[in-house]
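Counting with the numbering used here, you get residues 3 to 1053 for the letters of the sequence shown.
We treat Cβ as the ideally placed atom computed from N, Cα and C, and that holds for glycine.
Shown next, in structure tokens, is the structure this report addresses.
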Amino acid sequence: MACGGGFEFINIVPKKLPVTSENGVVIVDLTSYDPVTSEEFPEFSSIQDLQDLRFFSNYLKEIPEQFFEINHHLKSLFMCCSTIKPDNGLLRLPTHFNYFSHLEELHLVGNHFEGFPLPICNLGNIKTLYMDNCTLTKIPKEIKNMSSLVVVDFSYNSFGNPDSLPKEFFQLPNVKDLYLIDCQLNELPSDIGGLRNLEGLRIGKNNLTKLPDELFDLPKLSKLSVEGNKISELSPNICQLHSLKLLLIMENRLITLPEEIRNLSNCIHINLFDNKLTYLPRSIIEMPKLETLIVDGNNNLRNPPLDVCSRGLDSIRGYFETLDAQDVNTETVDSQRLEVVLLGESGAGKSSLAYALVHAKALLHPDNEAHSTVGVDFFNWRPFASVIEFHIVDCAGQRRYQLTHPFFLSSEALHILVVDLFKYEPTKSCFQKTVGDWLDLVTSRILKPRIMIVPTHLDKFDPSDTSTVICCCKDILKRVQDYCKGQKALIEYEISEKRKKGLKNPLKGGSNPEWKINNPPIISSVLHHAFYDALQEPPPTEPVCNTSYIAMVPVSNVSELTGINALQDEIIRIAEDRELFPSVGRDLPEEWVKLEVALRKSRENDQVRCMSYGDFEKFAREHTGLSKMGLRSAVTYLDSIGELHYYKDIPSLHKNVFIDLRWLAKLVKCLFRHDLQETLNFDESFQRFGMIRGYFDELKKNLIQEAKLSKALLRCLWAEIELDEAMFLQMVELLHHLGLACHLPTVDPDNFDLLVPWFLTDYPDEVEGLSENLTDDKVEINLLFMMSYLPPGLFDRLRVRCCSLVFDFYNWKDHLLLFGNNERILIHKHSYPAGADSSSPAIYIKGRGIKAELNSLWKILLNIFEETDALLTEWQRLSVQRFALCPPCTQKKKANPCLFQCNWMSSASARKHSWPRTTKICNAGPGILRGEKFDANLIFPPPDIVNQLLDSKWLQLPKPVSEIVPDSLIADLSQKIPKEWKLLASYLDLNADHVATIDQENTIIAEKVIAMFNAWKHAQGANVTRSKLVTALVDVGRKDLAEKVLTYQKE
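Okay, here's the thing in structure tokens:
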């Protein structure tokens, strides 16, 4: 295997073939070796009773004659092209290939045949046939002879011609699974109705505009995947698919679903990601077995609102339930609101811009000095009574505060990037600092962001110097255009690499590069016409290529308000553009609006900041007619628009509803301040927290110099917020959940200390942590997460996660050193190649341990890898490459060692069948005979370790929200344990006689399950807990239900 980093894997097929036996079947598997060649074709005929043969065929054009000396009773043949080797394999099969008349399974993937190999049509016993990516253009009529076929995969071929798929193909009597993915199909033949036993059909990534009615007559079809087509309407006849369980119709053009969808009585999962949905029929909630409905990416969805749908079926049910409860004469209410997030460098003028928008006048400071925002501020702005209300979030510009910025970015917001035009210079470095870095922040986090660029401080220019103003504005626009082209090129590269490796794209579009390239960010692309009018300059003649565009509006927002009116008009125009912001004007139940109004009055009059969920339900009953389910749906909506915040996924916080986000933000602002050295001083009132003056300065020093925050000092920082002990502890948990702080080891949990990475400073002695030479009994593994952009706060949030694991640790700025039993792990920020102008930011993970205990080292590294990956998934458009560094290069201390690209969790399982233990590698040396052998376990983990880690994750599940096992939970589980109930009973310590009695006394499985749980509760009494139930469910392989039990809350 050759890699861009200079790697080459060579593993020639041995003379003595590896023979194994499984259940009496003799197997020769050569897929962990290089493809075979005709010159050194293995002597397969020497293997007695060979039944299962696997090898790569990249270097073969034809099959050598000696191949036919093999035992003709061969039942399974894998003769595919490896995706990591060059050449395209077989061109044809000889006519006497039908010698293998006993074949039942045939894999020919990746061989670029000149035409369909007709000899296989005479193999009437084949049940499984994989011929994807074989350059086929037509299936012959002779395929009718393959009447035993059950599974057929012809994906990634070219069947665009009407005669590519003959009717004989659709008359095969036993086909159950058919794959025709990315076959350039313009229509699916009506003959599809002939496959009467078809259970699974996958026809994604074609050019289909509709599905034939004959498809809906298939009585056994349970899985239908048609993602990535051009279907705009789903026939009502889909209701005839009574066996359908899984419907995947992502990335099409559906506007709605037919009302008849309710009749899909067995459907469990529907994925409608990235269609053109505007509304869902109420009948969707009448589907009796539907468990999941995915509608993300349907930005035009208004009824129910997209954010409500994104929270799941219960949220959707609550929405329709609320509508049903309304008076028939009551109309839904349009939601005329939009969130606006202000970003930009410190001093760019964000706060004064917000003030100018809200108050229509300049912000004047008494001392004539601009004051920097601390953390975040909030404003509400309604230009006119009849237009949209804007919720403005003003984020501090100092880079240190970027740690918290991601929590305020929103897919439904307009992000305004404020740039000080007077200080702007038309250079690459200035653009990157003032514009590029902020574009990276938003475009990496949000799937399809909308960004307006607003240059400020026009009043500082000489009124006659219009040329400089226009020059700077045009320079920004030109560099933004180049930025977008660069982002597109990066995604195109990612697509090409995936195609080279034969990797399939994920189902959800956020991490699908093809989806990303079709849904680019929308960023200011033209200068607003009013600016040219003010300067008496003619606007450019080139038209705007996109009807839904965002203009750049330069303004003066300090001593005068030049451009502010134009900016207000542009923001309103953008908000009313349904292509840009379809959520504005969405339909809302009247009861939701009543609740929102009541909340606002409560904040103003009662100064209530937070309520328990029980009190919030009581509050809602007093002011609305919402049911419990309707209230949960309303909470989802109000959370999405910033009227409240409900952390339903945090066990310690899900019982509270925060109804004042300014109060919540104040908690963060009191702690994360750049001027804490000056503003934090002892106050006599701190004595109520047990704080004494003599100890205060020591604790303050610990925080500012060592990032160590004591409970007592945090109490003082939050003194003006008046938190009781319970709420105080919940807010500490929130800091941990957000990755802003973690507990330090302590012997006194009542007087804990927190690590707050925001305050970490450089280590004075520049300690590397692992600088000493590697001894013979030690090994070193080096891993690298290289990315197009290192999101702010990502490294420190990773630090918090790692320090929360069971390790000793040492911290300093941009570095973390972890100590295991015999292992040391150094994690730090990095650039690769080091010191180069073209370097990319990265997170570098270096692990050292004892050579004889390599597995222990990998276990730690894989835990850190998973923590890193979990954080990276939040940055949906971020391009990330994962590398292992070449051990010979790192041992020789090369400045830029060779890289091996891999995903450690998936590579390990692939390696189990594809790569050898010891490999000739690293072509970085001089001369012809170069490269060194080393243990491949130094670049990817042993598969067994990966499997252990995946299994152990279920042994470390969080505590359930409650240990009580309510009857409603049992009733819910009874519908989802059809087969495993007897096994589960044994893990719950019910004896065989008891299980047999339950089985005989009940006829319906759901009743048997309920009886089994009741027997368990009767036998165990007070010992019945959710934790025990979770363990039993994991043991029987129902981890999905274990998660449900952990988080289940009785309605």
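Three-state secondary structure (DSSP) of methionine 613 = DSSP places methionine 613 in strand when its eight states are reduced to three.
Segment limits, beta strand (DSSP E) that includes tyrosine 1119 = This structure leaves residue 1119 out entirely; the chain is present only between 3 and 1053.
Alanine 714, DSSP secondary structure in three states | DSSP places alanine 714 within a helical segment (H, G or I) once states are collapsed to three.
Select from Glu782, Phe811, Arg675 the residue whose C-alpha is nearest the C-alpha of phenylalanine 936.
-> Glu782 is the residue among Glu782, Phe811, Arg675 whose C-alpha sits nearest the C-alpha of phenylalanine 936.
Would you kindly work out how many angstroms separate the C-alpha atoms of arginine 611 and arginine 605, rounded to a whole number?
-> Each residue's alpha carbon lies about 7 Å from the other.
On the premise that leucine 669 lies in contact with methionine 733, defined as a C-beta separation below 8 Å, what is that separation, rounded to the nearest angstrom?
-> Here methionine 733 really is in contact with leucine 669; their C-beta atoms are around 6 Å apart, less than 8 Å.
Go ahead and label tyrosine 495 buried or exposed: buried means 16 or more other beta carbons lie within 10 angstroms of its beta carbon, across all protein chains shown.
-> By the neighbour-count criterion, in which a residue is buried when 16 or more other Cβ atoms sit within 10 angstroms of its Cβ, tyrosine 495 is exposed.
Which ranges would you report for the beta strand (DSSP E) in the segment 653–690 if only whole runs of at least 3 residues count?
-> Here the runs fully enclosed are 658–660.
Local conformation of tryptophan 383 per DSSP, three classes = If DSSP states are grouped into helix, strand and coil, tryptophan 383 belongs with the strands.
Do you know offhand how far methionine 789's Cα is from aspartate 89's?
-> The straight-line gap from Cα to Cα measures roughly 31 Å.
Using beta-carbon positions only, say whether leucine 151 and leucine 174 come within less than 7 Å of one another.
-> Contact flag set, yes.
Given that a residue counts as buried once 16 or more other Cβ atoms are within 10 Å of its Cβ, and exposed if not, what is threonine 763?
-> Answer is exposed; the Cβ neighbour count stays below 16.
Pick out whichever of Asn607, Ile29, Lys630, Glu1003 has its Cα sitting closest to the Cα of glycine 616.
-> The option with the nearest alpha carbon to glycine 616 is Lys630.
Beta strand (DSSP E) containing threonine 22: first to last residue?
-> That run of the beta strand (DSSP E) goes 21–24.
Quick one, which of Tyr649, Gly627, Leu246 has its alpha-carbon nearest threonine 1049's?
-> Nearest C-alpha to threonine 1049: Tyr649.
Are at least three pairs of beta-carbons, each pair with one atom in the segment 277–286 and one in the segment 247–259, less than 8 Å apart?
-> Yes, the segment 277–286 touches the segment 247–259.
Using CA coordinates, which residue listed in Trp760, Leu776, Glu774 is at the minimum distance from arginine 799?
-> The shortest C-alpha separation from arginine 799 is found at Trp760.
Three-state secondary structure assigned by DSSP to glutamine 338 | Coil.
Report the partner residues of glycine 851 according to the DSSP bridge assignment.
-> Bridge partners of glycine 851: Val781.
Among residues of its own chain, excluding the 5 on either side of asparagine 100, which ones have a beta-carbon nearer than 7 Å to its beta-carbon?
-> Within the same chain, asparagine 100 has close Cβ partners Pro121, Asn124, Leu125.
Could you give the distance in angstroms between the alpha-carbon of asparagine 559 and the alpha-carbon of leucine 529?
-> Near 18 Å, if we compare the C-alpha coordinates of leucine 529 and asparagine 559.
DSSP-derived helix/strand/coil call for serine 412 = In this structure, serine 412 counts as coil in the three-state DSSP scheme.
Measure the alpha-carbon distance for cysteine 145 versus proline 794 and round it to whole angstroms.
-> Note on residue identity: the sequence assigns isoleucine, not cysteine, to residue 145. Distance between isoleucine 145 and proline 794, taken at the CA atoms: about 58 Å.
Residue range of the alpha helix (DSSP H) that includes alanine 886 | No alpha helix (DSSP H) holds alanine 886; the beta strand (DSSP E) holding it covers 882–887.
First and last residue of the uninterrupted beta strand (DSSP E) at glutamate 107 | Looking at the DSSP string, the run of the beta strand (DSSP E) that includes glutamate 107 is 107–109.
How big is the Cα-Cα spacing for leucine 411 and arginine 447?
-> So the alpha carbons of these two residues sit roughly 8 Å apart.
How big is the Cα-Cα spacing for glycine 349 and histidine 393?
-> The alpha-carbon atoms of glycine 349 and histidine 393 are separated by roughly 22 Å.
So, using beta-carbon positions, are aspartate 755 and serine 712 closer together than 7 Å?
-> In this structure, aspartate 755 lies near serine 712, with their beta-carbon atoms less than 7 Å apart.
For valine 376 versus valine 420, is the C-beta distance shorter than 7 Å?
-> No, the pair does not count as a contact, with Cβ atoms beyond the cut-off.
Same chain, Cβ closer than 7 Å to cysteine 805, five either side skipped, listed in chain order | The residues are Cys744, Leu757, Phe811.
Counting only the same chain and skipping the five closest in sequence on each side, list residues whose C-beta sits under 8 Å from that of glutamate 64.
-> Hits under 8 Å: Ser40, Leu92, Leu93, Arg94, Pro96.
According to the neighbour-count rule (16 or more other Cβ atoms, all chains shown, within 10 Å of its Cβ), is cysteine 473 buried or exposed?
-> Classification of cysteine 473: exposed, given that the 10 Å Cβ count is below 16.
Helix or strand or just coil, what does DSSP make of threonine 294?
-> Residue state, collapsed to three classes: strand.
Backbone CA spacing between lysine 1041 and leucine 971 [nearest angstrom] | Rounded to whole angstroms, the separation of the alpha carbons of leucine 971 and lysine 1041 is 16 Å.
Which residue from Ser527, Tyr403, Glu581 puts its Cα closest to that of cysteine 672?
-> Nearest C-alpha to cysteine 672: Tyr403.
Tell me which same chain residues have a C-beta within less than 6 Å of the C-beta of lysine 87, skipping the five on either side of it?
-> Cβ neighbours of lysine 87 beyond the five flanking positions: Pro37, Asn60.
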